[in-house]
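*Asks:* Just passing along the structure, written as structure tokens.
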Amino acid sequence: MVKASREFQIFAKPGGSICNLACHYCYYLKKEDLYPKGESFRMPDDILEEYILQHIDASSGSVINFSWHGGEPTILGLDYFRKIVNLQRKHQRSHQRIGNGIQTNGTLLDEDWCRFLAEEGFSVGISLDGPQEMHDRYRVTKGQKPTHRQAMRGYELLRQHRVPCDILCVVHAENVRYPT
Numbered sequence: 033m034v035k036a037s038r039e040f041q042i043f044a045k046p047g048g049s050i051c052n053l054a055c056h057y058c059y060y061l062k063k064e065d066l067y068p069k070g071e072s073f074r075m076p077d078d079i080l081e082e083y084i085l086q087h088i089d090a091s092s093g094s095v096i097n098f099s100w101h102g103g104e105p106t107i108l109g110l111d112y113f114r115k116i117v118n119l120q121r122k123h124q125r126s127h128q129r130i131g132n133g134i135q136t137n138g139t140l141l142d143e144d145w146c147r148f149l150a151e152e153g154f155s156v157g158i159s160l161d162g163p164q165e166m167h168d169r170y171r172v173t174k175g176q177k178p179t180h181r182q183a184m185r186g187y188e189l190l191r192q193h194r195v196p197c198d199i200l201c202v203v204h205a206e207n208v209r210y211p212t
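Numbering of the sequence shown is given in our numbering, commencing with residue 33 and proceeding in unit increments.
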């Protein structure tokens, strides 16, 4: 008999589909058209706090994991994520350990972001589709400029700060023949 894990994890997209890139295969590309024009896509503070509180309350285990996705979650800014961590601390119980993960394209990461991620124990998934020529085939800016250099800069900063990091690679027609 398999024993159930007592860990509880939930994925949140506090910025909805907003992103600084326009990857050709992204299913979010036209989602911004669904939102009212001129409105913020950021999860409001009161809803963010209620979300965190309900997630903590719903967990019977000692480990609670939050996973922050998008669009591109770092576009919300470092202060928004400081607020997240402060709200988690405010509501966590003494027997609970809270973990955070974030999935990012890495292009907005800088020293401050990586220092914060390291200090707060975040794990990071960074989106890289292989070497430059393969990555830049589909992962481009809204102006159709390549992004591999910026993503690799973010990855190297994460490593310098010893932030646990995984790679998310979208397999596509350009990289499927090059698995190594």
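From the three backbone atoms N, C-alpha and C, an ideal C-beta is built for every residue, glycine too. Being a predicted model, the structure only gives us computed values, none of them experimental.
Can you tell me the Cβ-Cβ gap for Glu-152 and Val-117, rounded? I've got them flagged as a contact below 8 Å.
*Replies:* Counting from one through the sequence shown, the residue named residue 152 turns up at place 120. Counting from one through the sequence shown, the residue named residue 117 turns up at place 85. The pair is a contact, with the Cβ atoms about 5 Å apart (cut-off 8 Å).
*Asks:* Please report the straight-line C-alpha distance between Gln-41 and Ser-99, rounded to a whole angstrom.
*Replies:* The sequence position of residue 41 within the sequence shown is 9, counting from 1. The sequence position of residue 99 within the sequence shown is 67, counting from 1. C-alpha separation (whole angstroms): 7 Å.
*Asks:* At what residues does the alpha helix (DSSP H) containing Cys-146 begin and finish?
*Replies:* As a working note, residue 146 is residue 114 in the sequence shown. That run of the alpha helix (DSSP H) goes 143-151.
*Asks:* Using beta-carbon positions only, say whether Thr-139 and Leu-53 come within less than 8 Å of one another.
*Replies:* If you number the sequence shown from 1, residue 139 lands on position 107. If you number the sequence shown from 1, residue 53 lands on position 21. Contact: yes.
*Asks:* Can you find the residues in the same chain that come closer than 8 Å, C-beta to C-beta, to Arg-191, ignoring five residues on each side of it along the sequence?
*Replies:* Position 159 of the sequence shown, counted from the first residue, corresponds to residue 191. Only Cys-197 meet the Cβ criterion.
*Asks:* Would the beta-carbon of Phe-109 fall within 8 Å of that of Tyr-60?
*Replies:* Within the sequence shown, numbered from 1, the residue matching residue 109 stands at position 77. Within the sequence shown, numbered from 1, the residue matching residue 60 stands at position 28. It should be noted that the sequence gives Gly, not Phe, for residue 109. The answer is no: Cβ separation not under 8 Å.
*Asks:* So, with DSSP's three-state summary, where would you put Thr-139?
*Replies:* Numbered from its first residue, the sequence shown carries residue 139 at position 107. Reduced to three states, the DSSP call for Thr-139 is coil.
*Asks:* Assign Ser-159 to buried or exposed, taking buried as 16 or more other Cβ atoms, counted over all protein chains shown, within 10 Å of its Cβ.
*Replies:* Within the sequence shown, numbered from 1, the residue matching residue 159 stands at position 127. Buried, because 16 or more other Cβ atoms sit within 10 Å of the Cβ of Ser-159.
*Asks:* Within the region 75-126, note down every full beta strand (DSSP E) run reaching 3 residues or more, in order along the chain.
*Replies:* Complete beta strand (DSSP E) runs here, min 3: 95-100.
*Asks:* Please list, in chain order, all residues of the same chain as Thr-106 whose beta carbon is under 6 Å from its beta carbon, the five residues on each side excluded.
*Replies:* In the sequence shown, counting from the first residue as 1, residue 106 sits at position 74. Same-chain partners within the cutoff: Thr-136 and Leu-140.
*Asks:* Of the residues Met-184, Phe-154 and Asp-161, which one's Cα is nearest the Cα of Asn-97?
*Replies:* As a first step, residue 97 is located in the sequence shown; it is residue number 65 there, counting from the start. Here the closest residue by C-alpha is Phe-154.
*Asks:* Helix, strand or coil: how does DSSP classify Asp-161 here?
*Replies:* By one-based count along the sequence shown, residue 161 stands at place 129. It is coil, neither helix nor strand.
*Asks:* Report the rounded CA-to-CA distance for Lys-115 versus Ala-90, giving the unit in angstroms.
*Replies:* As a first step, residue 115 must be located in the sequence shown, where it is residue number 83. As a first step, residue 90 must be located in the sequence shown, where it is residue number 58. Near 21 Å, if we compare the C-alpha coordinates of Ala-90 and Lys-115.
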